[in-house]
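The structure under discussion appears below in the form of structure tokens.
Residue numbers (this note's numbering), protein chains in the order written: chain P, 1 to 399; chain S, 400 to 688; chain V, 689 to 999; chain X, 1000 to 1248.
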């Protein structure tokens, strides 16, 4: 049983080698190489750390019982800092130097959008494990691209379905002025109309905003019955902390498209009461999920967060497709992925052929103080069927 | 919320942002004023201050102690860096400093990631500081009032230090004419070491004060440096008064800009910066080189 | 063996071209990107090395050239070489008003003004979703009108080598031309330059426009290379990066910055492949290089011969 | 034909009137020295004439053309060359390169962005001639910044002469030079003035040099012109002696 190998192929040898370095035919015998060009340093480092630790845990688990198709799984990690230019370079290098034809775990949506047009040229396939931008499986979709994770619009849809029987009527939206923020608010406002509620305005803070006081004052001035925010990472933490200091949440509940412990934990008590869609929750009671949570706590003695769960699911989807295809060539795995049905950490899942989007259940969670957990953590308060939360083929909105 | 309350609230918001920006840019203008050096590592030092502050606060339970620990740690690091690297470069061109501080920024950012890991860190404010006070029956955080107070206090303290004390005289003399100051028997090398350490300490103090608002995270460094550059440029490089004015100008421009025309906010700061630099290359209060 | 002898440098560039045909696929791709960065560093050296105008905003023309070329290639499928030259020309056109405002100042004020313009470019590109695709950028930039070979990896590599060689000759010729000598005079002593009948501001503007032209060409070549442009191209870290390449290589020698670009690109690539904390290693390396190699790599390489500063 | 015609030149900083109401005419090929105690306004007067300093009042006409408002580069292009009180040369370039820039200054194609290699060579040869005449040929390849102070002054004179100007302004050219260098400079200046149509305006404290070179002397005192005429007459003039020569016989 070969142990887990994280190959760091120094490019030095390759670049200086006069005759092209002949790579052993990896196709059928050697390890199954999976490329993960993600943000290990820089502003996205915390998210990248979750992707990397879960890939390592999954490889360890799979290799412990014989690997995939009898071959060990090997992840190649490269740091992109969340910058599309770096991601392109690293991904191309993995494809051309290390004969990688499977890419997972890209961090920023802009990185995914940069890599996707090249998949055909590289004859490689890409499974988005954490990217939320709706356009990945809509106008920018390309064959060989799939998405196992819940998209931004799907999260907003689940939230809207929960809000149908919530008392609040008027909503105000706050997000950052960039692609994900704008599409998230747009989708949410569309869904509000669908459930007979109204949006009384929205504001987009410039990227890099650190002080949210003027936006908190604006929300208070608009005085909605509920506030929708599309903020994550450092921005989410900063807003929650500052809004709590202004006692904003005593006036109105706040809801969000996706609740990650990544930004609710550093917000501390300020996050209690936050309701939102969830792309993955450790609290979802399901045998496959409980097994994963138990393994994760054994390895890291902390609860898996959004990006851990979604990366594990992406690996599960890939494994299922490879087993179904019986080999790892791109065309075979892509064919296997189309209309693939399986059970994942989020319950039943079906990879749609027409746009590669995984049809799966949607969850709504609330952050609360829970016994046995040192910091406020989400609990599942509603689940919605795949049919209810997944947009139609190649669409990112719900007509 | 009636318009007057709104205006007062926004003014207080702007003042608290200006105070934060003042702490951030003070260290940068001090270094530039005295040593004509642009410190690329300023953002990383600010981030270091946030991390050390949060860790000290959680360890000791006292927020005040974190406001001492952070500047101390960064000051010592600054002193060590100045003695080992910077002191060899004073005879060299500006670009040497730029590259050395760029190197320090890269190394320090990665060192922080290795020491504290990738996740954001935070500490809960003590109850005394996390309360609110009602301004025209609208809640306003006590912590932000403290920030404004600390900003004014630190501003007066630095102004008095520079204008009223012998050390202040020495610093100003060294900034205008290092050769002559040295000729008068002062060890300009030690003055520069002290100034660089003090500037690093101030950057870290800014970080420690910002931590309760932002929590300590790896993204802190890169955004802060741009605001600091803008303020120091608008106010006037090396001019203490200019930094205070620049902080207020940018604080109010961002707060009210974000409120009334958020669409243009991102580009507006730079338009203001270009206008000032074109009309007065030395900045509002600085003296052109 | 004088390292800045143009014939030697052109041979060096041609060798890089030939190497690209031999190396394994991914190594060629890396080399192509490195050569584009050489062109970018060369463009900045005209400003920093020859006019002693340290710019903190060289990502401005780089990003602008990339977006103009991407727009032309996506919208009208203009042949790539035409798009690259047109992008350079438009960047040079933009450089006239921008330059007129920047060159009236010097030292740090110039650095900050150039930084402000580049950040303004970042803000505009970030916000103008309809045209620039906002934060998602413009994916799928076609290598139009190049035909089968040139659009391929080796072909594009040779195209970049050709542009780099031409740019080097242009810069080398300019530096030695009568106007180039006047630029040196303005750099050395403005008062003397005025007494010789030259308006320092106008002379600096000429260098500024030429530097922005080459930076625009480099950006456009990058757009064709990566087939993707995003606002990050304008960010200040890119300006910091290319400035480090110039200073690391040795400002004012045209060849030095190109060496600096290769060295920095290669070090970053190697270190990030070997360790996650490549930032720590690279940062410490910069500090050591600045202290022990005062005039950068070129200074170090030519250490045994006193440098003649007629360049 | 009058080359230079200054009428009512004045310059004041607030209340302090550095130069007040000075008229000065200079014919082609005429050599005139301007003397006066320190602070008499000599350098200020020259700065106004050469366009380095804006005038508070007065007009300057060169070859009949009103050049009052023109900046220094425009005047330089009209044939005015000068050296400065504080030596202004290009320290990072070699001595011969400095002088070659002087030769290039009057070349119509001086701003060609490419080529011009042949022009460069002839320019450099011409520059070597000037360096030779000033005894600096030996140090042609050295960086100007590394030359001795006296040599740098010589070099600056060479650069000005290389421009083959119609009006040459020299601001204390021999200040800081050794006796030998001063003698060589005076000899060269006299030779150049004889050969070419260059008019010279000279500021100099060393009276031997003044009387050796300048047939005509203008005396400034507290910004006003108190004497203007042939050297002998001025030497005898009562007011000049009283104000400047301190009653020297």
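The beta carbon of each residue, even a glycine, is placed where N, CA and C say it ideally should be.
Inter-residue Cα distance where the pair is residue i and residue j
{"i": "residue 833(V)", "j": "residue 768(V)", "result": "6 Å"}
{"i": "residue 1088(X)", "j": "residue 499(S)", "result": "32 Å"}
{"i": "residue 1198(X)", "j": "residue 1227(X)", "result": "16 Å"}
{"i": "residue 407(S)", "j": "residue 790(V)", "result": "39 Å"}
{"i": "residue 165(P)", "j": "residue 388(P)", "result": "16 Å"}
{"i": "residue 1114(X)", "j": "residue 884(V)", "result": "21 Å"}
{"i": "residue 341(S)", "j": "residue 418(S)", "result": "The structure shown does not extend to residue 341(S), since chain S is modelled only from 400 through 688, so no value can be given for it."}
{"i": "residue 1129(X)", "j": "residue 927(V)", "result": "45 Å"}
{"i": "residue 392(P)", "j": "residue 279(P)", "result": "19 Å"}
{"i": "residue 1217(X)", "j": "residue 1209(X)", "result": "11 Å"}
{"i": "residue 581(S)", "j": "residue 591(S)", "result": "12 Å"}
{"i": "residue 676(S)", "j": "residue 1196(X)", "result": "47 Å"}
{"i": "residue 167(P)", "j": "residue 193(P)", "result": "15 Å"}
{"i": "residue 1156(X)", "j": "residue 1101(X)", "result": "10 Å"}
{"i": "residue 1123(X)", "j": "residue 867(V)", "result": "16 Å"}
{"i": "residue 444(S)", "j": "residue 475(S)", "result": "12 Å"}
{"i": "residue 1192(X)", "j": "residue 796(V)", "result": "45 Å"}
{"i": "residue 116(P)", "j": "residue 176(P)", "result": "25 Å"}
Sequence-distant residues of its chain with Cβ nearer than 8 Å to residue i (five each side left out)
{"i": "residue 674(S)", "result": "none"}
{"i": "residue 180(P)", "result": "109, 132, 133, 152 and 230"}
Chain-order list of residues whose beta-carbon lies under 7 Å from that of residue i (same chain, five-residue window excluded)
{"i": "residue 724(V)", "result": "848, 906, 909, 910 and 913"}
{"i": "residue 25(P)", "result": "Only weak support exists for where residue 25(P) lies, its pLDDT of 46 falling under 50; the coordinates are left without a value."}
{"i": "residue 191(P)", "result": "156, 157, 160 and 398"}
{"i": "residue 450(S)", "result": "511, 515, 520 and 615"}
{"i": "residue 344(S)", "result": "Here chain S comprises residues numbered 400 to 688, so residue 344(S) is not present and cannot be evaluated."}
{"i": "residue 321(P)", "result": "333, 336, 337 and 340"}
Cβ separation of residue i and residue j, assumed to be a contact under 8 Å, to the nearest whole Å
{"i": "residue 615(S)", "j": "residue 519(S)", "result": "6 Å"}
{"i": "residue 172(P)", "j": "residue 202(P)", "result": "7 Å"}
{"i": "residue 495(S)", "j": "residue 488(S)", "result": "5 Å"}
{"i": "residue 1039(X)", "j": "residue 1222(X)", "result": "7 Å"}
{"i": "residue 295(P)", "j": "residue 57(P)", "result": "7 Å"}
{"i": "residue 959(V)", "j": "residue 949(V)", "result": "That pair is no contact at about 16 Å."}
Nonlocal neighbours in the same chain, by C-beta distance under 6 Å from residue i, ignoring five residues either side
{"i": "residue 899(V)", "result": "731, 734 and 735"}
{"i": "residue 32(P)", "result": "68, 71, 73 and 328"}
Residues within the stretch 1012 to 1035 of chain X neighbouring chain V, beta-carbon criterion of under 7 Å: none
Residues of the stretch 776 to 794 of chain V whose Cβ lies closer than 7 Å to any Cβ of chain S, in chain order: Those residues of the stretch 776 to 794 of chain V placed with their C-beta closer than 7 Å to a C-beta in chain S are 789, 793 and 794, ordered along the chain.
Residues within the stretch 110 to 126 of chain P neighbouring chain V, beta-carbon criterion of under 8 Å: Listed by position, the residues of the stretch 110 to 126 of chain P near chain V (Cβ gap below 8 Å) are 110, 113, 114, 116, 117 and 118.
Residues within the stretch 946 to 978 of chain V neighbouring chain S, beta-carbon criterion of under 9 Å: 964, 965, 966, 967, 968, 969, 970, 971, 972, 973, 974, 975, 976, 977 and 978
Members of the stretch 502 to 524 of chain S that neighbour chain V once the beta carbon cut-off is set at 9 Å: 502, 503, 504, 505, 506, 507, 508, 509, 510, 512 and 513
Where the stretch 535 to 569 of chain S meets chain V: residues whose CB sits under 7 Å from a CB there: none
Near-chain P residues of the stretch 898 to 924 of chain V (beta-carbon distance less than 7 Å), N- to C-terminal order: 914, 915, 916, 918 and 920
Members of the stretch 812 to 838 of chain V that neighbour chain S once the beta carbon cut-off is set at 7 Å: Cβ contacts with chain S: 812, 814 and 815.
Cβ contact check for the stretch 93 to 102 of chain P and the stretch 923 to 931 of chain V: 3 or more pairs under 8 Å: no
Given 8 Å, three or more beta-carbon pairs between the stretch 665 to 672 of chain S and the stretch 807 to 818 of chain V: yes
Three CB pairs or more closer than 8 Å across the stretch 594 to 611 of chain S and the stretch 456 to 470 of chain S: Result yes; three or more Cβ-Cβ pairs closer than 8 Å.
Segment contact, 8 Å Cβ cut-off, at least three pairs: the stretch 358 to 367 of chain P with the stretch 380 to 394 of chain P: yes
Interface residues of the stretch 199 to 214 of chain P facing chain S [CB-CB below 8 Å]: 203, 204, 205, 206, 207, 208, 209, 210, 211, 213 and 214
Positions along the stretch 235 to 253 of chain P whose CB lies within less than 8 Å of some CB in chain S: 237, 238, 241, 242, 245, 246 and 247
Members of the stretch 1081 to 1095 of chain X near chain V, C-beta cut-off 7 Å: 1081, 1083, 1087, 1088, 1089, 1090, 1091, 1092 and 1093
Near-chain P residues of the stretch 597 to 623 of chain S (beta-carbon distance less than 8 Å), N- to C-terminal order: 609, 611, 612, 613, 614, 616, 617, 618, 619, 621, 622 and 623
Interfacial residues, the stretch 479 to 493 of chain S to chain V, with Cβ spacing under 8 Å: 484, 487, 488, 491 and 493
The stretch 770 to 781 of chain V contacting the stretch 874 to 888 of chain V, beta-carbon criterion three pairs below 8 Å: As far as the Cβ criterion goes, the stretch 770 to 781 of chain V does not touch the stretch 874 to 888 of chain V, which means the pair count is below three.
Within 9 Å of chain S by C-beta, residues of the stretch 38 to 72 of chain P in sequence order: 40, 41, 42, 43, 44, 45, 46, 47, 48, 49 and 50
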